[in-house]
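*Asks:* As they're listed, the protein sequences go chains A and B. This note's numbering numbers the first residue of the first sequence as 26 and each following residue consecutively. This note's numbering numbers the first residue of the second sequence as 2 and each following residue consecutively. Ideal Cβ positions, reconstructed from N, Cα and C, are used throughout, including at glycine.
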Amino acid sequence: MKAISAAALQALADGTAIVVGAVKIDADPPIRVWGGHGPIELGGEPFDPIGDRSLVQVAGGALGASEQSITLSLSGIEEHVLELLDAEEVEQAPATLWRMIFKGDGVTLLDAHIWKRGRLDELLREDEIGGTSTLTANLETAARGLGRSGGRMRSDADQRLIKANDGFFRNIAFAGEKTLYWGGRKPATAGSAVGGSYGGGGRNFYNRQNVRAN
Amino acid sequence: MMQPLPMPELPAGIARVEFEPERVDYAAPEASGRQGGVQAGWPLWLATFELDKVDRDSADLWRAFIARLRGRQRLFLASDPTRLYPRATPRGFAGMTRAGGGAFTGAATSWAQNVDAEGNAAIGLTGLPANLALAAGDYIGWKWDAAGSAAGSYDRRTMARVVVPGVASAGGGITVTVEPPLDPLVVPAGAIAHLDKPACLMRQIPDRSRIGSTGAGRALSGATMIAGQDLRP
Chain A
26 MKAISAAALQ
36 ALADGTAIVV
46 GAVKIDADPP
56 IRVWGGHGPI
66 ELGGEPFDPI
76 GDRSLVQVAG
86 GALGASEQSI
96 TLSLSGIEEH
106 VLELLDAEEV
116 EQAPATLWRM
126 IFKGDGVTLL
136 DAHIWKRGRL
146 DELLREDEIG
156 GTSTLTANLE
166 TAARGLGRSG
176 GRMRSDADQR
186 LIKANDGFFR
196 NIAFAGEKTL
206 YWGGRKPATA
216 GSAVGGSYGG
226 GGRNFYNRQN
236 VRAN
Chain B
2 MMQPLPMPEL
12 PAGIARVEFE
22 PERVDYAAPE
32 ASGRQGGVQA
42 GWPLWLATFE
52 LDKVDRDSAD
62 LWRAFIARLR
72 GRQRLFLASD
82 PTRLYPRATP
92 RGFAGMTRAG
102 GGAFTGAATS
112 WAQNVDAEGN
122 AAIGLTGLPA
132 NLALAAGDYI
142 GWKWDAAGSA
152 AGSYDRRTMA
162 RVVVPGVASA
172 GGGITVTVEP
182 PLDPLVVPAG
192 AIAHLDKPAC
202 LMRQIPDRSR
212 IGSTGAGRAL
222 SGATMIAGQD
232 LRP
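1. Report the residues of the stretch 35-58 of chain A with a CB closer than 8 Å to any CB of chain B, ordered along the chain.
2. If we call anything under 9 Å between Cβ atoms a contact, is B:T159 one with B:A122?
3. Can you grab the Cα-Cα spacing for the pair A:R144 / B:A118, in whole Å?
4. Is it buried or exposed for B:S80, if we count other Cβ within 10 angstroms and need 16 for buried?
5. Taking only beta carbons into account, state which residues of the stretch 84-96 of chain B come closer than 9 Å to chain A, listed in chain order.
6. What is the rounded straight-line gap between the Cα of A:L109 and the Cα of B:L126?
7. Based on the DSSP output, what are the partners of A:M125 in its beta bridges?
8. Mind listing the chain B neighbours of A:R78? Cutoff is C-beta to C-beta under 7 Å, in chain order.
9. Just checking, does the stretch 28-41 of chain B make contact with the stretch 208-225 of chain B on the three C-beta pairs under 8 Å criterion?
10. Using a cut-off of 7 Å between C-beta atoms, extract the partners of A:I65 located in chain B.
11. Would you mind reading off the limits of the alpha helix (DSSP H) that contains A:I187?
12. Starting from the beta carbon of A:V106, find every residue of chain B whose beta carbon is closer than 7 Å, and list them in chain order.
13. What does B:P182 reach in chain A if we use C-beta pairs closer than 7 Å?
14. Tell me the DSSP secondary structure of B:L221 in three-state form.
15. For B:R64, name the three-state secondary structure that DSSP assigns.
16. Under 9 Å between C-beta atoms, does B:Q205 make it to chain A?
17. Do the CB positions of B:G223 and B:L52 come within less than 9 Å of each other?
18. Say whether chain A places a C-beta atom closer than 9 Å to the C-beta of B:P234.
19. Looking only at C-alpha atoms, which of A:K141, A:L107, A:E103 sits nearest to A:D53?
20. Along the beta strand (DSSP E) that carries A:H62, what are the first and last residues, could you check?
21. Determine, using beta carbons only, whether B:V168 comes closer than 9 Å to chain A.
22. Measure how close the beta-carbons of B:A60 and B:L221 come, nearest whole angstrom, since I'm counting them as under 8 Å.
23. Using a beta-carbon distance cut-off of less than 8 Å, what residues from the stretch 103-128 of chain B approach chain A?
24. Determine the DSSP secondary structure at B:R209, reduced to helix, strand or coil.
25. Taking all protein chains shown into account, do 16 or more other C-beta atoms lie within 10 angstroms of the C-beta of B:T106, making it buried, or fewer, making it exposed?
26. Any beta carbon of chain A sitting closer than 9 Å to that of B:G38?
27. Express the C-alpha separation of B:F50 and B:I206 in angstroms, rounding to a whole number.
28. Using the DSSP secondary-structure output, state which residues sit across from A:S98 in a beta bridge.
29. Give me the Cα-Cα distance between A:I115 and A:A162, rounded to the nearest whole angstrom.
30. Here's the rule: buried if 16 or more other CB atoms are within 10 angstroms of the residue's CB, otherwise exposed. What is B:R69?
31. Using CA atoms only, rank isn't needed, just tell me which of A:M125, A:G129, A:P119 is closest to A:S30.
32. Leaving out five residues before and five after A:A32 in sequence, what residues of the same chain have Cβ atoms less than 6 Å from its Cβ?
33. Does the Cβ-Cβ distance between A:A47 and A:L67 come in under 9 Å?
34. Just how far apart, CA to CA, sit A:G128 and A:Q35?
35. Along the chain, where does the beta strand (DSSP E) containing B:A79 start, and where does it finish?
36. Are the beta-carbon atoms of B:P246 and B:Q230 separated by less than 9 Å?
Written out as C-alpha cells, the structure reads:
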C-alpha cells in the first residue's frame, strides 16, 4: 500500500490537487527529471525541471489486472533528458517513478512518494519531420522481469529436444505459451489459467477434441 | 543566451487578444454528476494575438517580428496589450514618486507572496506611490536574470493577474490577490516585481499561427499569432 499523506488525500478529494511526476534513471550519469518548472529535491537528490505534464500519466493499470510495464514519453530535445542517449550503463538501468501531489496553489508540496520502480528496457527516439521529437523509454516493472522463464519451455517441442520419444508434454504444449502475470488476478479455475475458454490458446472445441483423440 | 525579443509597437495596434492562463486537467466526472479530477502541472499563460486589416507600416513591423522569431526558436516578451499599465495609470508612471521619495518607474522595492490556508496567493508590494490602486485585471510582472546571464539582463520573466483589487497605503505598501500563484521554485526571492509592461516569456506556436495576406495598398489582413509561455528558472 502506498501511504499518501492525509493532506494530499484531502486535496484529491476536494479536486484541488496538482499532480506531477518525476523519474530517476540510474544510468551513468543518472537522469533525474520532474514535471515542474523549477529545481526540486526528492529523497535528498536534485531533480531537473522539464515542465512536462505527461510524466504523471504514465503509470496506468487496472486494479486486479495484470501488472503493466511503463512507457515514458519524453521530449526528444530537452537537454536533461538527452543525456540519456549518451549515458553509460543505460541497459537495464534501475528507474524510479515518483508522484508528487501539490496543493491547488502549486506552492505547497503535500506529498511525494515512489509510485513505481522498474528497469529501463527499450529506449526509442523518434523524430518526425515537421512533427514532434520524442524519446520513449520503456520501463520494465516487476511484471515482466519476474515473469520471464529461462530458455527451457514446457512444450512438446522442447521436451522432444531432450528425448525424441518423450511425448509427455504433447497435450499441454500450449501451456508454455500462456503468460501468467506476477501480481495479476488469481485464476478462478485451472482451465482459465492454462487455456481459458475453448478459444484460449488458439484452440476451439473441435481441435480440443482432436487433442484428446491424439 | 539571446535576449528575448520585444513585441513591436504597431501603429495600428492589435485588434483582439486573448491572454489567459491555461490549465490542463485530468477530469474524472462521476455518474452522480460530481466533478472530480486533478490538475496536471502548473498553469501557463497562452496568448492569441489577432490583427485585423492593418496599414503598411504595421504590416512591415509585424512581419519582421514574426521573421525574427524564427518559428519556435526565439523567446519574446509577451504582454497583454490591453493592460500594459494598471488601469488607474493607463499611460504609465511619468512624474510619479514613491511614497518614500524618489521617482517611481514601475518597480516595487520589495515583494513577498503569502499563500493562505485556502490557497489564495496574496502578493505584497512596497515602494509604490501612495494610494496607487491596482484593479482586478491589472498585471504584476517579475523579472530576474537566468543563471549565467549578465546582471541586469532580466532574461527571465513571469507575470500574474490581480484578481482581488487593492489600494496602496500612504506608505506605498499594497496587498492584492493574484492568479496564478507564483511558483517559488522558479521565481527567485531577488526577482524584481514591476507594474510597467509586465510580461512573460513566450514562444510562437507556428502551426497554429498565420501571418495573413497582403492586399491592396500593402495592407495586411488576417494575421493571427498564438504563443505559449516558456517558464524557466
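*Replies:* Reading from the atomic positions:
1. Listed in sequence order: L37, G40, T41, A42, I43, V44, V45.
2. If you number the second sequence from 1, residue 159 of chain B lands on position 158. If you number the second sequence from 1, residue 122 of chain B lands on position 121. Not in contact: B:T159 and B:A122 (Cβ atoms no closer than 9 Å).
3. What you label residue 144 of chain A is simply residue 119 of the first sequence in a count that begins at 1. What you label residue 118 of chain B is simply residue 117 of the second sequence in a count that begins at 1. Within the model, the alpha-carbon separation for A:R144 versus B:A118 is close to 40 Å.
4. Working through the second sequence from its first residue, we reach residue 80 of chain B at position 79. That one is buried.
5. Listed by position, the residues of the stretch 84-96 of chain B near chain A (Cβ gap below 9 Å) amount to none.
6. Your numbering for residue 109 of chain A matches position 84 in the first sequence. Your numbering for residue 126 of chain B matches position 125 in the second sequence. Between the alpha carbons of A:L109 and B:L126 lies a distance of about 43 Å.
7. On the first sequence, residue 125 of chain A is found 100 positions in, with the first residue counted as 1. Within the DSSP bridge table, the entry for A:M125 names A:V45, A:A137 as partners.
8. Translated into the one-based positions of the first sequence, residue 78 of chain A becomes position 53. In chain order, V25, A41, G42 make up the part of chain B whose C-beta sits under 7 Å from the C-beta of A:R78.
9. At 8 Å Cβ cutoff, the stretches do not touch.
10. Numbered from its first residue, the first sequence carries residue 65 of chain A at position 40. Neighbours of A:I65 in chain B, taken as residues at a C-beta separation under 7 Å, are given in chain order as L186.
11. As a first step, residue 187 of chain A must be located in the first sequence, where it is residue number 162. Per DSSP, A:I187 belongs to the alpha helix (DSSP H) from 181-187.
12. Taking the first sequence and counting its residues from 1, one reaches residue 106 of chain A at position 81. What A:V106 touches in chain B: nothing, since even the nearest Cβ is about 15 Å away.
13. Taking the second sequence and counting its residues from 1, one reaches residue 182 of chain B at position 181. D130, G131, V132, listed in chain order.
14. Locating residue 221 of chain B in the second sequence gives position 220, where the first residue counts as 1. Assignment of B:L221 by DSSP, reduced to helix, strand and coil, places it in the strand class.
15. As a position in the second sequence, residue 64 of chain B is number 63, starting the count at 1. B:R64 carries a helical assignment under DSSP once its states are collapsed to helix, strand and coil.
16. By one-based count along the second sequence, residue 205 of chain B stands at place 204. Not one chain A Cβ lies under 9 Å of B:Q205.
17. Position 222 of the second sequence, counted from the first residue, corresponds to residue 223 of chain B. Position 51 of the second sequence, counted from the first residue, corresponds to residue 52 of chain B. Judged by beta-carbon spacing, B:L52 lies within the 9 Å limit of B:G223, meaning their Cβ atoms are closer than that value.
18. Position 233 of the second sequence holds residue 234 of chain B. B:P234 counts as touching chain A.
19. As a first step, residue 53 of chain A is located in the first sequence; it is residue number 28 there, counting from the start. Looking at the Cα atoms, A:L107 is the closest of the given residues.
20. Position 37 of the first sequence, counted from the start, is the residue given in the question as residue 62 of chain A. Taken as a continuous stretch (DSSP letters only), A:H62 belongs to no beta strand (DSSP E), as it is neither H nor E.
21. Looking up residue 168 of chain B in the second sequence gives position 167. False, the Cβ-Cβ gap to chain A never drops below 9 Å.
22. Working through the second sequence from its first residue, we reach residue 60 of chain B at position 59. Working through the second sequence from its first residue, we reach residue 221 of chain B at position 220. So it is a contact: roughly 3 Å between Cβ atoms.
23. Residues passing the 8 Å Cβ filter: Q114, V116, G120, N121, A122.
24. The residue given as residue 209 of chain B occupies position 208 in the second sequence. Correct three-state label for B:R209: helix.
25. What you label residue 106 of chain B is simply residue 105 of the second sequence in a count that begins at 1. Within 10 angstroms of the beta-carbon of B:T106 lie fewer than 16 other beta-carbons, which makes it exposed.
26. For the purposes of this step, residue 38 of chain B is taken as residue 37 along the second sequence, with counting starting at 1. Residue-level contact check: B:G38 touches chain A, since one or more beta carbons of chain A fall below 9 Å from its beta carbon.
27. Counted from its first residue, the second sequence places residue 206 of chain B at position 205. Counted from its first residue, the second sequence places residue 50 of chain B at position 49. Taken atom to atom, the span from the alpha-carbon of B:I206 to that of B:F50 is near 12 Å.
28. Taking the first sequence and counting its residues from 1, one reaches residue 98 of chain A at position 73. A:S98 is bridged to A:T161.
29. As a working mapping, residue 115 of chain A is identified with position 90 in the first sequence. As a working mapping, residue 162 of chain A is identified with position 137 in the first sequence. Reading off the sequence shown, one finds Val at residue 115 of chain A, where the question assumed Ile. Spanning the two alpha carbons is a distance of roughly 11 Å.
30. As a position in the second sequence, residue 69 of chain B is number 68, starting the count at 1. Exposed is the call here.
31. The residue you call residue 30 of chain A lines up with position 5 of the first sequence. Taking A:S30 as reference, the option from A:M125, A:G129, A:P119 with the minimal CA-CA separation is A:M125.
32. Indexing the first sequence from 1 puts residue 32 of chain A at position 7. For A:A32, where only same-chain residues beyond five positions count, the Cβ hits under 6 Å are L135.
33. Locating residue 47 of chain A in the first sequence gives position 22, where the first residue counts as 1. Locating residue 67 of chain A in the first sequence gives position 42, where the first residue counts as 1. Yes, these two residues count as a Cβ contact at 9 Å.
34. Your numbering for residue 128 of chain A matches position 103 in the first sequence. Your numbering for residue 35 of chain A matches position 10 in the first sequence. Note that residue 128 of chain A corresponds to Lys in the displayed sequence, not to Gly. Our two residues, A:K128 and A:Q35, have alpha carbons roughly 10 Å apart in a direct line.
35. The residue you call residue 79 of chain B lines up with position 78 of the second sequence. Note, B:A79: beta strand (DSSP E), 77-79.
36. Outside the shown range of chain B (2 to 234) lies residue 246 of chain B, about which nothing can therefore be said.
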